[in-house]
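Novice: Let me give you the structure first, and then I'll get to my questions.
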Amino acid sequence: MSRRVLITAGASGIGYAMATAFAAEGDRVWITDVDAGALAEAPAEWQRTECNSADDAAMQALEQAVLAEWGGLDVLVANAGIKGPTAGIEEMDRAEWDACVGVNLTGAMLAARLGARLMLPAGSGVITFLSSTSGLHGTPFRTPYSAAKWGVIGLMKSVAMELGPKGIRANAICPGSVNGPRIDRVIEAEAAAKGMTPDAVREGYASGTALKRLSGASDVADMALFLASDRARMITGQAMAVDGYTYNVDP
Ligand SMILES: NC(=O)c1ccc[n+]([C@@H]2O[C@H](COP(=O)([O-])OP(=O)(O)OC[C@H]3O[C@@H](n4cnc5c(N)ncnc54)[C@H](O)[C@@H]3O)[C@@H](O)[C@H]2O)c1
522 MSRRVLITAG ASGIGYAMAT AFAAEGDRVW ITDVDAGALA EAPAEWQRTE
572 CNSADDAAMQ ALEQAVLAEW GGLDVLVANA GIKGPTAGIE EMDRAEWDAC
622 VGVNLTGAML AARLGARLML PAGSGVITFL SSTSGLHGTP FRTPYSAAKW
672 GVIGLMKSVA MELGPKGIRA NAICPGSVNG PRIDRVIEAE AAAKGMTPDA
722 VREGYASGTA LKRLSGASDV ADMALFLASD RARMITGQAM AVDGYTYNVD
772 P
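Using this note's numbering, read the sequence shown as starting at 522 and increasing by one per residue.
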């Protein structure tokens, strides 16, 4: 059966890979993003809304639009996140902290609220958050990102407990470093902060995992499909790492 799937920040990166994967299953896909140009390039059959995930009013307008068009929602993927500043805690800028927590954590709450409101009338649905291995370990020089992604885990577990009795499951995916333009930016910033070459940082990321390689967006999309499927019917309240098992976060 064709599900109604909303993915925030779906115009590129992991969100786009997840949207593509759901669409390939025959699901109806709705993406949001702040990048109007990228939204315009998405497949014609996808619904799309230009919307900042950290903007309360915009997320409420999105909720009304989905309700009007679809009448409810089966799957919500709260995917929007930004990498935030790379800086030592002693240099942390308050505005940059707020912006990072605003998208990664507050944005996840606004998305979950939207999902709950659209799913509760039917008494079924799946909410999947994008956390990170930074939500399972500390991440030196990226305190706001790590703190926000740990916050997402607490949000997810609480939502799972609230909504489980009402037929709605909630989990989080914790990707490790995912190959793509975003991780290139993260690596460049970390290399500059640590006085290393980008190649050395990238190699360190891979060597700190059991599988000795970075993941791809499709690895994350496969987990999103699984969590939204009936095969995951007894899985809720879980933080699922998709990272080749990170055992050294600062090699
Ligand atoms: N890429 C990685 O290595 C990695 C690792 C772990 C976790 N994650 C998490 O996965 C999610 C997706 O990451 P990604 O690498 O695809 O991101 P990305 O940086 O490639 O951005 C994807 C999209 O998000 C959009 N976006 C940015 N801010 C937004 C906002 N406020 N509202 C709506 N859209 C916004 C961008 O315009 C872009 O189209 C994030 O939550 C991220 O923290 C990523």
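Cβ coordinates follow ideal geometry from the N, Cα and C atoms, glycine included.
Tell me whether Val555, by its Cβ, gets closer than 7 Å to a heavy atom of ligand 3.
Specialist: Among the ligands modelled here, namely ligand 1, ligand 3 does not occur.
Novice: Going by DSSP in three states, Val770 sits in which element: helix, strand or coil?
Specialist: The residue given as residue 770 occupies position 249 in the sequence shown. It is coil, neither helix nor strand.
Novice: Does Cys572 come out as helix, strand or coil in the three-state DSSP assignment?
Specialist: Reading the sequence shown from its first residue, position 51 is the one you call residue 572. It is coil, neither helix nor strand.
Novice: What's the C-alpha gap between Gly737 and Cys695?
Specialist: On the sequence shown, position 216 is the one that residue 737 refers to. On the sequence shown, position 174 is the one that residue 695 refers to. Rounded to whole angstroms, Gly737 to Cys695 spans 13 Å at the Cα level.
Novice: Using only alpha-carbon positions, find the residue among Asp554, Val526 and Ala561 that is nearest to Val624.
Specialist: In the sequence shown, residue 624 corresponds to position 103, counting from 1. Of the listed residues, the one whose Cα sits closest to Val624 is Asp554.
Novice: Does the beta carbon of Ala559 fall short of 7 Å from some heavy atom of ligand 1?
Specialist: For this step, residue 559 is matched to residue 38 along the sequence shown. Result yes, Cβ under 7 Å from ligand 1.
Novice: Measure the Cβ-Cβ separation of Ile610 and Ala633 and say whether it is below 8 Å.
Specialist: Against the sequence shown, residue 610 aligns to sequence position 89. Against the sequence shown, residue 633 aligns to sequence position 112. No. Outside cutoff.
Novice: Looking only at its chain, what residues have a beta carbon closer than 7 Å to the beta carbon of Ala559, apart from the 5 residues adjacent to it on each side?
Specialist: Working through the sequence shown from its first residue, we reach residue 559 at position 38. Taken in chain order, the residues that qualify are Ala532 and Ser533.
Novice: Any heavy atom of ligand 1 closer than 7 Å to the Cβ of Ile704?
Specialist: Here residue 704 refers to the residue found at position 183 of the sequence shown. Checking every heavy atom of ligand 1 against the Cβ of Ile704, one is found closer than 7 Å.
Novice: The alpha helix (DSSP H) spanning Met761 covers which residue range?
Specialist: Looking up residue 761 in the sequence shown gives position 240. Here Met761 belongs to no alpha helix (DSSP H); instead the beta strand (DSSP E) covers Ala760 to Val763.
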